[in-house]
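Working notes, structure below.
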Amino acid sequence: MEETGAKSDFEQQREILVNEISLSFEQVLANINKLNRSLESVIAVGNEFSSVEALWSQFEGVMAKDEAETKAGQQNQAECQGQGQGEGEGQERREDNA
Numbered sequence: 001m002e003e004t005g006a007k008s009d010f011e012q013q014r015e016i017l018v019n020e021i022s023l024s025f026e027q028v029l030a031n032i033n034k035l036n037r038s039l040e041s042v043i044a045v046g047n048e049f050s051s052v053e054a055l056w057s058q059f060e061g062v063m064a065k066d067e068a069e070t071k072a073g074q075q076n077q078a079e080c081q082g083q084g085q086g087e088g089e090g091q092e093r094r095e096d097n098a
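Residue numbering for the sequence shown is 1 to 98, as defined by UniProt numbering.
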């Protein structure tokens with residue numbers, strides 16, 4: 001058998017693999033930290049645009065309201081004109097028949 005002071009091949013390979021795994025975990029941790037910092041930067045930039053987004057949303061709401069009022073006004077005006085034209089046509093027909 002081998003001496004107790006010398007490491008077996010298995011123990012040497014295990015130690016090498018454990019060291020490689022340890023280094024890999026450190027790299028993964030470093031990359032996760034980089035990703036976290038990048039995400040924080042992206043979120044910070046996004047938060048800077050919140051006031052601009054609110055302003056555009058308000059503008060969109062005002063424009064949609066004005067557009068709806070304009071369409072409603074045009075429909076009412078068309079209905080009023082349609083009723084007026086319908087009455088005039090009826091009178092012309094009555095005059096032609098007489």
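Here a beta-carbon is modelled for each residue, glycine too, at the ideal position from N, C-alpha and C.
Kindly list the residues whose CB is nearer than 7 Å to the CB of residue i, restricted to its own chain and excluding five residues on each side of it in sequence; keep chain order.
i     : result
Asp66 : none
Ala6  : none
Using the C-alpha atoms, what's the distance from residue j back to residue i?
i           : j     : result
Asn76       : Glu53 : 34 Å
Ser22       : Lys34 : 19 Å
Ser41       : Ile32 : 14 Å
Ser24       : Ala30 : 10 Å
Gln83       : Glu69 : 21 Å
Arg37       : Asn19 : 27 Å
Gln58       : Ser51 : 11 Å
residue 100 : Glu48 : As shown, the chain starts at 1 and ends at 98. That puts residue 100 outside it, with no answer to give.
Ile43       : Ser8  : 52 Å
Glu26       : Phe10 : 24 Å
Cys80       : Gly73 : 11 Å
Ala78       : Lys71 : 10 Å
Trp56       : Ala64 : 12 Å
Glu2        : Val28 : Confidence at Glu2 is low in this model, with a pLDDT of 49, below 50, so the placement of that residue is unreliable and no value is reported for it.
Val45       : Leu39 : 10 Å
Any chance you could list the alpha helix (DSSP H) runs of at least 4 consecutive residues sitting entirely within the region 37–92, in chain order? Here no run is fully enclosed.
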